[in-house]
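Undergrad:
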Amino acid sequence: MLRSMTENLAVKPTSPSENLFERYQTSKGVYDEFRAENEEPRPHWGRFTESLKRLGRHELASRWENGRRILREHGVTYNIYGDPQGMDRPWGLDLVPLLMAPEDWKRVEAGLAQRVQLLNLVLGDIYGGGQRLLRDGFIPPELVYSNPGFLRPCRGIRASHDVYLHLLACDLARNARGQWWVLSDRTQAPSGAGYALENRSVLSRILPEEISQENVHRLAGFFRAQRDMLFELAPEGRENPAVVLLTPGPHNETYFEHAYLARHLGFPLVEGADLTVRDRRVFLKTLDGLQAVDVILRRVDDSYCDPLELRSNSFLGVPGLVEATRAGNVTLANTLGTGLMESPVFLAFLPGLAKHLLGEELILPSVATWWCGQSRELRYVLEHLDELIIKPAFGHGSGHTRVSERLTSEERILLIEAIRSRPREFVAQERVVLSRAPVWSEGHFESRAVLLRAYVANGGERQAVLPGGLTRVSRSAEDPIVSMQSGSGSKDTWVIDQDTDLKPEFMSASVEPRSIDGRLSGVPSRAADNLYWLGRYTERLEQTLRILRCFMGRLSDEISARGSPEFLALIDLTAGMGLVPSSMRDQFDRTELHQLVLNRVYKPEMPGSVRELLGRIRFIASTVRDRFSGDTWRILGRLELDSRSRPGRLPLANALTVIQNLILDLAAFNGMEMENMTRGHGWRFLDVGRRVERGQSIVQLVRVAVGLRGVGVSALEPVLEIADSLMTYRRRYFAEPRLPGILELLLCDKSNPRGLAFQVDSLEEHVAALPGAPDGGSSDGSVSHWHFERLRHWIQEIDRLRLAPVGDGIDSERLIGHLDSCAVELAAISDTLTGRFFSHTVPRMS
Amino acid sequence: MKHLLYEITHSTEYQYLGTVSVSHHLLRLAPRQSSRQRCLSHELVIDPLPAVISSHSDYFGNESHFITVETPHHELIITSRSEVAVQPSFVPDASETPSWESVRAWCRSDRSGHVLEAHEFTYASPLVPTGAEFGRYAFESFIAGRPILEAVLDLTRRIHTDFKFDPTATTVTTPVAEVFRQRRGVCQDFAQFQLACLRSLGLPARYVSGYLETDPPPGQTKLRGVDASHAWVSFFCPGMGWIDVDPTNNCITSLRHLTIGWGRDYADVCPVRGVLMGGQNQLLKVSVDVVAQGPVPLDAEE
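Top to bottom, those sequences are chains L and W. Mapping the first sequence onto our numbering, position 706 (from 1) lands on 706, and the numbers just tick up by one. If you want our numbering, it's the 1-based position in the second sequence plus 846.
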């Protein structure tokens, strides 16, 4: 039905000036995904090409922009190690997907299902079985025994249902004859499936009609199957198992994906420090105590998973994890030690293993690989060195790959020498010329090299292949190398089905996140810790912004005239809040002062500057991003001062605009969080952080204000402005600001959400609702109600001072004493809470 | 066949700075059964009492214990007590052992049971590198066609002569190449250096962790806790099995060498390895007593 509809669509002819493909080059000896030898689009690209032409350059450009905006809003990032942009480089996604014809895909699908079973059998023999493959000569013993990826402590641990390899990713390339080859296998913690999912969610918004017109296979079914398989792989007898996704943390290059997948699959995202092994079982540390974990979907590399039995200097793992798997109490997906199969050297032996173990040929061949540890192969490699690429036999990834052609003659001699003296350590592979596909670039389509990472999940009895995958493209039309780490872009991958009707499975629309599994409802202590600091830092940022706005707004005013008492008072106030040095009062220099204030906004290395605080907020928020709704996250994503923004030609005015916008965004975040976050412990910790910070800053603000007395009433106006209570004051007192009124409004009034009394009441309510001390924390540290009693007492005392002035005013010495007492109690509450709930974490700068 | 009976007490005491809320340790303290040694009893006394003690046979067949202490603690004392009976091992006539090259060739081609197992010990391991510099040192002893035991004993003698015993020169993390450069170290360093030499030639050799009974100085009585953990080397010769040599004392192992277990290097058989939650190591005290109890009659074992 859909087919006939499309046929009836009128096709608007493209004008000659709109030839989108004029820059698209095809070259000899390279397979072109898009164009056949006759320069026409391949049949499965036909209808889609028409759509592109119909949309036209202008519309395509605007859709592409739209796509980039969506990615920014979702906060899709990929961390590049050693990149000056540092963390969170925006994810590169092309407008045009890679189209896969159904008959092509069937072969890839069958090949992947076969491959995961084969590799699983090999791993089963090496780790869980009798290593017959070594004894019978199908695998030279060196491949295992001298391989750093072989984890001896894991030998003899049998995987649940004999599934060692639950998820396999293969990098596929298409050779000049149009056949897909496997270039490498990712077997320990394959990345990228989450990005593929995100790519799809963007393309389904910018090319919705095309997706449905091409009958593109949906991705959701794969993730559903993966989830079901993980449940089935839980240790024997665990009904409704608890699953977590283990991440190395926000510094990892694919952290975005971990958080995204965790949300999509409905598993809590945890770091090693969130888990603990007791009684040979794995538990999640939550504020409600320890909760048992049955299955761990891991994104931490093999050897980093347990500092006790594996790499002892790892902080990413869980001590005792190997023992828990040995006891059969937890399932790891993939099991520990599976990284062994990532060594390129195995590619040379897979055809023989397929025949021996499955009685089949490999459906998807691997790139031709020769292991130099065999004399015949060594001879061949040395004779054909210039046609091959040389890799470490036991490394993984593409590190240290050498192409003889690109070496100097001296390097070449050294390489040959190394191969001759340590032949076992090298493999050679055929050089594969990657196929090419169109990529949208500045209003045209260019041809770029593409590489497809495809995924298959294994449940033992059945396999599920992700229909599509993550297509990666080279950086430029000239560059034949594809690597995410070197900054290449990506494409969505469409497996299209032109002839059949929609299968029911494709109809299910869900790419929506699931709710977190009910079995693990507790908030991990680390997440609570981070939420607490998120509360503190956002509040601190708001306070900083208000002070800066107040100060900068007056810098250009006439009151900034040199030496005016009001202006000196303003400097005193700002200095008292720690934003400018108090020496500014005596040696006032306008240019220097401007520069100082601008540094407070823009300078990332200045502690407490707006940019520095934003960096901290962004980092902490990213560690708990699975706790926020999409909308809240989008607002958090807007909270930034991107690295390009500079003071400009009107520095003060521009900075003020930036500040205004940030204050509004913060207000939006606070509103979003108030309205959208469930009132669990997580939210409470966020709010506790905010209340503590706000309480402390009010006390400090009033303390500074006391010193401003006598300068004149206009000096106190900024105090109220910073506390966002100026309007309330005016409404209530119809008068110029005076200290007694300020004390009442900012300290004693329980109804002012900006006032100290209000913070005290909120904190007390939160503390009463928090759970008992979690495991691992010090047990003697509950927050005593005496802290709150004393705070209320000091506030009362301040109220009394306010009402009974001595002589010409308030006894400021006693007032300051009371204020300091309040600050002490607030700090004590914060210390007790952090000591009690977060004692496992490292001290953090406050 | 008469055995000589020993009582061994090995105690490891940690004191921590700060409170340790949970600690996990992996122990390799149980003496291993072998053709020349029988472990008659072994017990572990751990204070504070661990919530978990579970034992398994590790990759190399050594018995290891996994323990978890779950009560907050400031110190941990692990005491291992064993009774071990040893008998002299069979040592072939050195001149009748096969040439070292034939051993190498055999280990490369034969993939059946014991030889495949031995094959694994021909490769570099985390603490034992291989390389031409070690091979060159070894070649002086490994002249062409020389019977392997003769060559190994000569290498053992040279290490004993060329290297100076000096506990201040190295730590447990000193790399073998550094030990080679300064020609100083302790038993663990000498053993790992000899392993590097043998493996660089393609010969299978493993690291043995154990104890050595020591004598008091002449005329004095033996003091408590003066014995120590010891380490030496075992190499494989097809048809004859594993033969142990001690480069620290320039000998084939005697009745005074008591074996705990073996692996590729120290890291595989480290007696106590642990991870703490909270707190940090402040003080470590180790004491070992090896006391001979005299000969015991034991039935010959299979």
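Using N, Cα and C, we set each Cβ at its ideal position, and we do this for glycine too.
1) Using 8 Å as the threshold, is the C-beta distance between W/V1079 and W/L1041 below it?
2) Less than 8 Å between the CB atoms is what I'm expecting for L/L531 and L/V624, so what's the real figure, rounded?
3) So which residues on chain L does W/A951 lean against when the C-beta distance must stay under 9 Å?
4) Going by C-alpha distance, which of L/L407, L/W533 and L/P235 is nearest L/S830?
5) Between L/G192 and chain W, is any beta-carbon pair separated by less than 8 Å?
6) At least one CB of chain L closer than 8 Å to the CB of W/E979: is that the case?
7) Rounded to the nearest angstrom, what separates L/D497 and L/L219 at their Cα positions?
8) If you pair each beta-carbon of the stretch 454-465 of chain L with each one of the stretch 159-175 of chain L, do three or more pairs fall below 8 Å?
9) Keeping to the same chain, check which residues put their C-beta closer than 7 Å to that of L/L269; ignore five residues upstream and five downstream.
10) Counting beta carbon pairs with one atom in the stretch 539-551 of chain L and one in the stretch 715-722 of chain L, are three or more of them shorter than 8 Å?
11) Got a sec, what are the start and stop residues for the alpha helix (DSSP H) L/W64 sits in?
12) Please confirm whether L/E326 has its beta-carbon closer than 8 Å to some beta-carbon of chain W.
13) Compile a chain-ordered list of the residues in the stretch 896-929 of chain W whose CB is closer than 9 Å to at least one CB of chain L.
14) Quick one: is L/E425 near chain W, going by C-beta distance under 8 Å?
15) Could you please tell me which residues of the stretch 275-307 of chain L, in chain order, have their CB closer than 8 Å to any CB of chain W?
16) Pull the bridge partners of W/Q1126 from the DSSP assignment, please.
17) I want to see whether chain W comes within less than 8 Å of L/P248, judged by CB atoms only; does it?
18) Mind checking if W/S958 is an interface residue toward chain B, Cβ cutoff 8 Å exclusive?
19) So with CB distances below 8 Å, who are the chain W contacts of L/S146?
20) What residues from the stretch 127-151 of chain L come within 7 Å of chain W, judged by C-beta to C-beta, listed N to C?
21) Count the other CB atoms, across all protein chains shown, that sit within 10 Å of the CB of L/D586; report buried if there are 16 or more and exposed otherwise.
22) Would you grab the beta carbon distance between L/G522 and L/D185 for me? Rounded to a whole angstrom, and I think it's under 8 Å.
23) Where does L/I413 land, buried or exposed, given buried means 16+ other C-beta within 10 angstroms?
24) At a Cβ threshold of 8 Å, is L/G339 touching chain W?
25) As a quick exercise: from L/R280, L/R281, L/D279 and L/T286, pick the residue whose alpha carbon is nearest that of L/E271.
26) Are any of the Cβ atoms in chain L nearer than 8 Å to that of W/E947?
27) At the 8 Å Cβ level, is W/E1059 part of the contact set with chain L, yes or no?
28) Would you please state the rounded distance, in angstroms, between the beta carbons of L/L336 and L/D302? I believe it to be under 8 Å.
29) Specify the secondary structure class of L/Q117 as computed by DSSP and reduced to three states.
30) Cβ atoms of W/L1058 and W/R1030: under 8 Å apart, would you say?
31) Should L/N38 be labelled buried (16 or more other beta-carbon atoms within 10 Å of its own) or exposed?
32) Helix, strand or coil: how does DSSP classify L/T657 here?
33) Between the C-alpha atoms of L/R436 and L/G137, what's the straight-line distance to the nearest angstrom?
34) Okay, do the stretch 926-937 of chain W and the stretch 1092-1112 of chain W touch, 3+ Cβ pairs below 8 Å being the bar?
35) On the DSSP letters alone, give me the boundaries of the alpha helix (DSSP H) that W/V998 sits inside.
36) Sorted by chain position, which residues of the same chain lie with C-beta nearer than 8 Å to W/Y862's C-beta, five sequence neighbours on each side aside?
TA: Once the coordinates are examined:
1) yes
2) 6 Å
3) What W/A951 touches in chain L: nothing, since even the nearest Cβ is about 14 Å away.
4) L/W533
5) no
6) no
7) 14 Å
8) yes
9) L245, T247, H258, A259, A262 and D626
10) yes
11) G46 to H74
12) Contrary to the premise, residue 326 of chain L reads as Arg rather than Glu in this sequence. Yes, its Cβ sits closer than 8 Å to a Cβ of chain W.
13) A897, V898, S900, H902, S903, D904, Y905, F906, F912, T914, E916 and P918
14) no
15) T276, V277, R278, D279, R280 and P307
16) W/L863
17) no
18) This model lacks chain B altogether; the protein chains it does include are L and W.
19) Y969 and A970
20) L134, R135, G137, P141, Y145 and S146
21) exposed
22) Not confirmed; about 37 Å, so no contact.
23) exposed
24) no
25) L/T286
26) no
27) no
28) 6 Å
29) helix
30) no
31) exposed
32) helix
33) 40 Å
34) yes
35) I994 to D1008
36) H919, H920, E921, L922, L1122, G1125, Q1126, N1127 and Q1128
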